[in-house]
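Quick notes on the structure that follows.
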Amino acid sequence: MRALRHYHQTGLLAEPPRSSNGYREYDVHALIRVLRIRRLAALGLPLEQMPPLLDEPEPGTGPAGATVPGPDAAEQALEELDRELAAAVERLTEQRRLIARIRADRNPPDVPPELARFLRISAGTLPARIAKMDREQLVLLGHLGSENVRAAIGQLFDVIASPGFLEPLTVLMERFDALPADAPSSAVDALAADLATALEPASAALAAHDGAELDGRSLALFNDYAADVLNPAQLAVLQRVGGALEDA
């Protein structure tokens with residue numbers, strides 16, 4: 000009954016006469032129209048596109064030999080629907096491909112597969128808080144980074160996965176995670192120098208890609224994130240590391 004009320008509200012089905020007790024009295028013609036509506040709906044046709052198909056004259060010859068128009072509206076509607084379905088199938092096929100890749104690599108589903116590689120490389124090595132930050136920043140990067148940026152990040156992961164890179168970096172990130180907000184400038188400078196040295200190969204890999212920089216608004220979001228989760232001493236370390244790598 001809810002569907003019938005909706006058909007009445009949209010104008011697809013005319014209101015039938017009512018009996019003395021107020022109930023609608025549908026005849027066989029109303030049943031036929033409802034069956035036609037349900038058939039079109041089963042094909043995936045939206046209700047708003049149905050009126051021309053339901054009301055179009057049948058093909059044939061009219062009075063005095065005049066030709067009655069054929070089902071052109073039906074052909075056009077079906078052609079459009081077929082295009083939409085083909086596009087939907089293509090999207091679903093790509094979606095299944097991505098799901099298969101995520102499952103095969105055992106990646107987290109909320110991070111783009113090409114960026115989730117870092118999480119696999121560093122799994123179980125970084126401090127928990129740093130690992131959480133990395134994951135959240137990868138989510139941001141997947142949304143904000145251009146194709147060039149993601150390609151550069153892939154090159155960066157090659158460096159990170161190389162022998163001898165991740166272990167010393169993990170030790171440095173443990174120092175970074177433990178750095179108190181009131182750390183003396185000597186501790187900040189020492190950690191920044193060590194991190195800049197360790198990250199120089201990764202920085203060089205990023206610099207080799209033209210157009211791999213984030214735009215100003217994206218950088219501002221990353222800066223806002225860092226300011227929210229890091230203490231002043233840790234922020235100072237990152238600032239010094241960035242300056243040292245730019246000068247390298």
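The sequence shown: position 170 = 169 (numbering that gives the first Met the number 0), numbered continuously.
The beta carbon of each residue, even a glycine, is placed where N, CA and C say it ideally should be.
Limits of the alpha helix (DSSP H) - the one that residue i falls within
i: residue 194; result: 184-206
i: residue 6; result: 1-9
i: residue 229; result: First-last for residue 229: undefined, no H or E at that position.
i: residue 121; result: 112-121
i: residue 47; result: That residue, residue 47, is in no alpha helix (DSSP H); it is neither H nor E in DSSP.
i: residue 156; result: 146-160
i: residue 166; result: 165-177
i: residue 103; result: 71-104
i: residue 213; result: Premise fails: residue 213 is in no alpha helix (DSSP H) and is neither H nor E.
Nearest to residue i (by Cα), restricted to the options the options
i: residue 140; options: 205, 220, 24 and 178; result: 220
i: residue 153; options: 132, 236 and 114; result: 114
i: residue 162; options: 187, 24, 200 and 34; result: 200
i: residue 142; options: 128, 112 and 168; result: 112
i: residue 42; options: 33, 84, 30 and 29; result: 84
i: residue 129; options: 52, 15, 224 and 109; result: 224
i: residue 205; options: 147, 217 and 178; result: 147
i: residue 216; options: 95, 144, 89 and 38; result: 144
i: residue 109; options: 135, 121 and 166; result: 135
i: residue 203; options: 126, 178 and 155; result: 155
i: residue 7; options: 33, 96 and 183; result: 33
Buried versus exposed, by CB contacts within 10 Å (16 or more), residue i
i: residue 233; result: buried
i: residue 12; result: buried
i: residue 22; result: exposed
i: residue 222; result: exposed
i: residue 121; result: buried
i: residue 2; result: exposed
Contact set for residue i: own chain, Cβ-Cβ below 6 Å, skip 5 residues either direction
i: residue 168; result: 197
i: residue 26; result: none
8 Å CB neighbourhood of residue i in its chain, flanking five on each side removed
i: residue 171; result: 190, 193, 194 and 197
i: residue 175; result: 129, 190, 194, 233 and 236
i: residue 229; result: 237
i: residue 17; result: 23 and 24
i: residue 97; result: 112
i: residue 88; result: none
Any non-hydrogen atom of the ligand NAD within 6 Å of residue i CB
i: residue 77; result: Ligands displayed in this structure: none; no statement on the ligand NAD is therefore possible.
Beta carbon proximity, residue i to chain C, threshold 7 Å
i: residue 217; result: The structure shown contains no chain C, having only a single protein chain.
Own chain, CB closer than 7 Å to residue i, minus 5 neighbours either side, in chain order
i: residue 124; result: 165 and 169
i: residue 35; result: 53
Inter-stretch contact at 8 Å, needing at least 3 Cβ pairs: the segment 0-20 / the segment 35-51
The segment 0-20 makes contact with the segment 35-51: 3 or more CB pairs, one atom from each, lie closer than 8 Å.
Three or more C-beta pairs closer than 8 Å, one from the segment 186-204 and one from the segment 237-245: is that the case here?
In this structure the segment 186-204 lies against the segment 237-245, because at least three pairs of beta carbons, one per stretch, are closer than 8 Å.
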